[in-house]
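Peer 1: Structure provided below as structure tokens; questions to follow.
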Amino acid sequence: MSTAHVATFSHATLAFGDRVLWNDLDLTIEAGEFVAVLGPNGSGKTSFLRTLLGQYRLSAGDMTVTEAVGYIPQQHAADADTMALRGRDLVGFGVDGARWGIGLRGYATRRRKVDAALAEVGASAFADAPVGVLSGGEQQRLRVAQALTGNPELLLCDEPLASLDPASQERVVELIDRRRRTAGTAVVLVTHEINPVMPYVDRVLYLVGGRFLAGPPDEVMTTDTLSELYGSHVEVVRVNGRLLVVGGEEGTAHCSGPEELDHP
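Sequential numbering from 1 applies to the sequence shown in full-length UniProt numbering.
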């Protein structure tokens with residue numbers, strides 16, 4: 001694994017009014033590292049990604065991040081007319097960005113980038129099908145391909161496993177991890193689906209109630225560690241093979257759950 005840094009936070013604080021999402025965060029993300037961002041709904045997980053994207057400015061402290069960032073957003077059914085949009089069109093948005101009028105030479109380059117990204121995720125066979133007729137797993141492959149068109153050094157993934165069946169979840173995680181291993185791309189992945197990602201994760205960043213904890217999964221995802229972070233007793237258990245974080249400040253259970261927007 002390369003020792004190059006793709007992102008660093010130094011004494012970083014993010015707050016919205018009186019609400020502090022995290023304070024005095026020191027964190028370095030290395031090339032080729034897989035970081036899972038976990039925590040209850042509303043704890044600031046998506047806000048962490050948006051800060052890395054430059055959409056939110058820190059309230060205090062410093063951050064540096066590579067310019068080569070790929071982004072897989074949360075899925076929303078109403079984002080586009082999925083019956084009029086082909087798979088390769090969706091992937092092509094990653095090349096186009098906000099540009100218009102790419103010209104003939106630009107079109108050839110665009111086509112090569114799109115075809116290469118489709119091949120990397122194994123989506124060439126359904127590239128010309130309407131997105132609306134594809135399965136959730138196939139659509140998510142296209143979104144991963146879209147994020148890879150810019151050859152990112154850092155891949156940000158916001159709930160990429162939401163609404164997918166277990167088999168599709170496994171395939172998507174393997175796909176993201178393969179990119180990490182073959183290209184040295186760092187991955188920062190926000191998820192409620194804990195179990196599918198744990199075998200691949202190097203470190204966990206756990207956010208809750210304005211506090212945070214970062215470290216290897218075996219150190220962070222324990223009853224004693226999370227109880228200290230929450231400031232009250234939290235039980236980490238497995239039920240039917242799924243990791244459950246039970247308790248905390250609101251007496252809730254945090255595990256694999258429905259997708260919710262994580263607005264500040």
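Glycine included, every Cβ here is placed at the ideal spot set by N, Cα and C.
(1) Does the distance from the C-beta atom of residue 15 to that of residue 47 stay below 8 angstroms?
(2) Taking only three categories from DSSP, how would you classify residue 247?
(3) Quick one: which unbroken beta strand (DSSP E) runs of 3-plus residues sit fully inside the region 199 to 242? Chain order, please.
(4) Quick one: is residue 128 buried, meaning 16 or more other Cβ sit within 10 Å of its Cβ, or exposed?
(5) Counting C-beta neighbours from all protein chains within 10 Å, is the total for residue 188 16 or more, i.e. buried, or is it exposed?
(6) Out of 119, 185, 134 and 136, point me to the one whose CA is closest to residue 68's CA.
(7) Quick check: what's the CA-CA separation for residue 174 versus residue 43?
(8) Are residue 70 and residue 152 close, meaning C-beta to C-beta below 8 angstroms?
(9) Using a Cβ-Cβ cutoff of less than 8 angstroms, which residues in the same chain neighbour residue 196 once the five nearest sequence positions on both sides are dropped?
(10) Assuming residue 142 and residue 87 form a contact by the criterion Cβ under 8 angstroms, report the distance between their Cβ atoms to the nearest whole angstrom.
(11) Using the DSSP secondary-structure output, state which residues sit across from residue 130 in a beta bridge.
(12) Distance check for residue 111 and residue 191, CA to CA, integer angstroms please.
(13) At the level of alpha carbons, what is the spacing between residue 206 and residue 226?
(14) Is it buried or exposed for residue 218, if we count other Cβ within 10 angstroms and need 16 for buried?
Peer 2: The short version:
(1) If you number the sequence shown from 1, residue 15 lands on position 15. If you number the sequence shown from 1, residue 47 lands on position 47. The criterion of a C-beta distance shorter than 8 angstroms is not satisfied by residue 15 and residue 47.
(2) Here residue 247 corresponds to residue number 247 of the sequence shown, with the count starting at 1. Annotated three-state conformation of residue 247 is strand, per DSSP.
(3) Within the region 199 to 242, the complete beta strand (DSSP E) segments at least 3 residues long are 203 to 208, 211 to 215 and 234 to 239, listed from N- to C-terminus.
(4) Numbered from its first residue, the sequence shown carries residue 128 at position 128. Burial call: exposed.
(5) One-based indexing of the sequence shown puts residue 188 at position 188. So residue 188 counts as buried.
(6) Within the sequence shown, numbered from 1, the residue matching residue 68 stands at position 68. When each option's Cα is compared against that of residue 68, the closest is 185.
(7) Reading the sequence shown from its first residue, position 174 is the one you call residue 174. Reading the sequence shown from its first residue, position 43 is the one you call residue 43. Taking C-alpha positions only, residue 174 is separated from residue 43 by approximately 27 angstroms.
(8) Start at 1 with the first residue of the sequence shown, and residue 70 comes out as number 70. Start at 1 with the first residue of the sequence shown, and residue 152 comes out as number 152. Yes, Cβ-Cβ distance for residue 70 and residue 152 is below 8 angstroms.
(9) By 1-based counting over the sequence shown, the position of residue 196 is 196. Non-local beta-carbon contacts of residue 196 in its own chain, meaning distances under 8 angstroms to residues more than five positions away in sequence, involve 161, 166, 169, 170 and 173 in chain order.
(10) The count along the sequence shown starts at 1 and reaches residue 142 at position 142. The count along the sequence shown starts at 1 and reaches residue 87 at position 87. About 5 angstroms separates the beta carbon of residue 142 from that of residue 87, a gap short enough to meet the 8 angstroms contact definition.
(11) Position 130 of the sequence shown holds residue 130. According to DSSP, which records beta bridges pairwise, residue 130 is partnered with 86.
(12) In the sequence shown, counting from the first residue as 1, residue 191 sits at position 191. In the sequence shown, counting from the first residue as 1, residue 111 sits at position 111. So the alpha carbons of these two residues sit roughly 32 angstroms apart.
(13) Position 206 of the sequence shown, counted from the first residue, corresponds to residue 206. Position 226 of the sequence shown, counted from the first residue, corresponds to residue 226. One C-alpha to the other measures close to 9 angstroms.
(14) Residue 218 sits at position 218 when you count from the first residue of the sequence shown. Counting C-beta atoms within 10 angstroms of its own C-beta, residue 218 has fewer than 16 neighbours from the protein chains shown and is therefore classed as exposed.
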